[in-house]
Amino acid sequence: MKFIKHHLTFIFPMMAILLGVEFFLVFDRTTTNYEQELREGYSMFVVAKEPISIESFQKLDSHISQREEVKKEVLAKQIAEGMSKSSADKILEALPFFYNIKFDSYLHTSKLEHIKAYLEADGRIKRVETFGNSYGASYTLFSFIKFTFKAFVIFMSLISLVLVIKQMEIWNYEHKERMQVMETFGAPIMLRSGVLFKVAVIDALISTILTSGIFVFVKYRWAEESHIDILMHMQELLFQPIDFAILLAMSLFIVFISVYLVVFSTKGQLQ
Amino acid sequence: MSNSIVISASGLTLSYGHTDIIKDASFSIKKGEFVFITGPSGSGKSTLLKSLYGQIKPTVGELIVGGLDMEKISHSKLQELRTHLGIVFQDYKLINEWSVAKNVVLPLIIAGYSIDVQMTQAKRLLNHVKLSDHIDKYPLELSGGEQQRVGVARAMSKNPFLILADEPTGNLDDYSSNVIWDLMENACQQLHTTVLVVTHRIPNVFSIPYRHFIIENKGVYEVH
Numbered sequence: 001m002k003f004i005k006h007h008l009t010f011i012f013p014m015m016a017i018l019l020g021v022e023f024f025l026v027f028d029r030t031t032t033n034y035e036q037e038l039r040e041g042y043s044m045f046v047v048a049k050e051p052i053s054i055e056s057f058q059k060l061d062s063h064i065s066q067r068e069e070v071k072k073e074v075l076a077k078q079i080a081e082g083m084s085k086s087s088a089d090k091i092l093e094a095l096p097f098f099y100n101i102k103f104d105s106y107l108h109t110s111k112l113e114h115i116k117a118y119l120e121a122d123g124r125i126k127r128v129e130t131f132g133n134s135y136g137a138s139y140t141l142f143s144f145i146k147f148t149f150k151a152f153v154i155f156m157s158l159i160s161l162v163l164v165i166k167q168m169e170i171w172n173y174e175h176k177e178r179m180q181v182m183e184t185f186g187a188p189i190m191l192r193s194g195v196l197f198k199v200a201v202i203d204a205l206i207s208t209i210l211t212s213g214i215f216v217f218v219k220y221r222w223a224e225e226s227h228i229d230i231l232m233h234m235q236e237l238l239f240q241p242i243d244f245a246i247l248l249a250m251s252l253f254i255v256f257i258s259v260y261l262v263v264f265s266t267k268g269q270l271q
Numbered sequence: 272m273s274n275s276i277v278i279s280a281s282g283l284t285l286s287y288g289h290t291d292i293i294k295d296a297s298f299s300i301k302k303g304e305f306v307f308i309t310g311p312s313g314s315g316k317s318t319l320l321k322s323l324y325g326q327i328k329p330t331v332g333e334l335i336v337g338g339l340d341m342e343k344i345s346h347s348k349l350q351e352l353r354t355h356l357g358i359v360f361q362d363y364k365l366i367n368e369w370s371v372a373k374n375v376v377l378p379l380i381i382a383g384y385s386i387d388v389q390m391t392q393a394k395r396l397l398n399h400v401k402l403s404d405h406i407d408k409y410p411l412e413l414s415g416g417e418q419q420r421v422g423v424a425r426a427m428s429k430n431p432f433l434i435l436a437d438e439p440t441g442n443l444d445d446y447s448s449n450v451i452w453d454l455m456e457n458a459c460q461q462l463h464t465t466v467l468v469v470t471h472r473i474p475n476v477f478s479i480p481y482r483h484f485i486i487e488n489k490g491v492y493e494v495h
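If you're matching them up, the sequences are chains A and B in order.
Using the working numbering, the first residue of the first sequence is number 1, and each one after it goes up by one.
Using the working numbering, the first residue of the second sequence is number 272, and each one after it goes up by one.
Here it is, written out as structure tokens:
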């Protein structure tokens, strides 16, 4: 019973950290996906006196990634419907150049305002229109949620880390004399800390498998049956094979750091 | 320094913080000698012993053990030196989670000997210390005297060139004390192991020649 309790008191906080990491990964993937949708749905409409190449736009701001020209002929044809060909030609000649420009990342509204002002200051550009009202509101809400979630995950991980270290202190107490005796007889650090490593690595592996299991269950069973739109829509983003490797690496990293902390704190005199 | 000198101290001072425990001590001990160090409680006997296996570094002066300067010794060299020492503690310092046999062969485990060699050596040594019936038991199942005999067997398991014993018979009955003195005498006489014992009093019956140092007023003096 004591044996199981000792393992669980390490496994639970380790799982809490790994759950935090996995939530973070899923959230990051989901928000990256959402950011892309927002970014793709946002554009600036530029009216120019002369043709402007994508390179020229990028010289004005490096975040500009795409430039789509709106064909003047199509506009002129619609405006000159029912008129003579010469009138249509005159309209086409009089029309400025129209461009839709897009950006390489999800930009803050103040940055967008800055880009707009910069474009308007260019002599070749007559006018810039943005479609930013819903974008601004989404950005604010989205940034707030993202910050709050990340802060929560970090806070939860820190609390769990404290619990892991507490458990390590108990192990320290249990193994201190044994490790010091071994040190006195010249045992190298790996031999002295062998038992701690073995126990901690097994617990880290169990924590990783359990955490991955929870997310695999959520992805393949719960998400499908939940009827929650976002879960069903984002099912693919919930857990990916690389996540197992990331969680395992993270848990082993915590184990190695914790065991070395314990081992070095037990160095010193036998009482 | 001659090759036959195992321990050499010259102007040695050992301190805890700003308090000197041993001051300006000079002595040398040769291979195969049996040495008793006596002195009142708190005189610094154990501190001197700890300095010999590198637990405490000299504050001033020189201390050479097995040809290594204990003040300048690197961590890896100290680790290596300790694998050639046999240390016996007053309170045994056995690993309670390990069997008696495994405790005895700890130095062999550290040195990477095979299980077969370990088992052969464990049986031989436990037979020497008259504990062959206890090979699979755990330390807490043994009496104090029996535990100390396991501790002595452990100290001798890798044929060390130097055995350092801190009050090895301090809490023991006459039978266990005699077994331990016999073992140490044999190691010294037959294997030419240097044995240095810190103790309150020298046993009444001791069959081999020995040297006696006394610690008084922070100094280490030989009694002739």
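Heads up, the beta-carbon is just placed ideally off N, CA and C, and yes, glycines get one too.
Note that the structure is a prediction, hence the values are computed from the model and not measured.
For Phe57 (chain A), no beta strand (DSSP E) run applies; the uninterrupted alpha helix (DSSP H) run containing it begins and ends at 54 to 60, by DSSP. Chain order gives the chain A residues near Glu351 (chain B) as Gly186, where near means a beta carbon separation below 8 Å.
For Ile278 (chain B), the closest C-alpha among the options B:Pro474, B:Leu467, B:His471 is that of B:Leu467.
For the segment 194 to 208 of chain A, the beta-carbon criterion of a distance under 8 Å to any beta-carbon of chain B is satisfied by none of its residues. Scanning A:Leu25, A:His6, A:Ala121 for the CA closest to the CA of Ile154 (chain A) turns up A:Leu25.
Between Gly194 (chain A) and Glu456 (chain B), the alpha-carbon positions lie close to 36 Å from each other. Nearest in C-alpha terms to His463 (chain B), of all of B:Lys294, B:Gly332, B:Thr290, B:Lys301, is B:Lys301. The beta carbons of Val400 (chain B) and Ala382 (chain B) sit no closer together than 8 Å. DSSP places Lys301 (chain B) in the uninterrupted beta strand (DSSP E) bounded by 290 to 301. Rounded to whole angstroms, the gap between the alpha carbons of Glu69 (chain A) and Asn100 (chain A) is 6 Å. Cα atoms of Gly20 (chain A) and Phe27 (chain A): separation of roughly 10 Å, rounded to the nearest angstrom.
Beta-bridge annotation (DSSP): Arg127 (chain A) is paired with A:Val47.
Exposed is the label assigned to Arg221 (chain A), since fewer than 16 other Cβ atoms lie within 10 Å of its Cβ. Here DSSP, grouped into helix, strand and coil, assigns His63 (chain A) to coil. Chain order gives the chain A residues near Thr354 (chain B) as Phe185, Gly186, Ala187, where near means a beta carbon separation below 9 Å. Annotation for Ala296 (chain B): Ala280, Leu283, Gly490, Val491 place their beta carbon closer than 7 Å to its own, counting only its chain and skipping 5 residues before and after. Put simply, the backbone Cα of Thr184 (chain A) is about 10 Å away from that of Arg192 (chain A).
Under the Cβ criterion of 8 Å, Lys364 (chain B) is counted among the residues facing chain A. Your pair Ser322 (chain B) and Pro329 (chain B) checks out as a contact, with CB atoms roughly 6 Å apart and the cut at 8 Å.
Taking a beta-carbon distance threshold of 8 Å, Val181 (chain A) counts as an interface residue toward chain B. The DSSP-derived three-state label of Thr284 (chain B) is strand.
Note that the C-beta distance between Val371 (chain B) and Lys429 (chain B) is not below 8 Å. In the structure shown, Phe147 (chain A) adopts helical secondary structure according to DSSP, grouped into three states. In this structure, the alpha-carbon of Asn374 (chain B) lies about 22 Å from that of Leu349 (chain B). Sequence-distant partners of Phe244 (chain A) (beyond 5 residues in either direction) whose C-beta falls short of 6 Å from its own C-beta, in its chain, are Ser212.
Contact note: Ile358 (chain B) reaches chain A through Thr184, Phe185, using a C-beta cutoff of 8 Å and chain order. In the DSSP assignment, Gly415 (chain B) falls within the unbroken alpha helix (DSSP H) covering 415 to 427.
Among the CB atoms of chain B, none fall inside 8 Å of the CB of Arg39 (chain A). DSSP places Phe98 (chain A) in the uninterrupted beta strand (DSSP E) bounded by 97 to 103. In chain order, Lys102, Phe103, Asp104 place their CB closer than 7 Å to the CB of Ser65 (chain A), counting only its own chain and leaving out the 5 sequence neighbours on each side.
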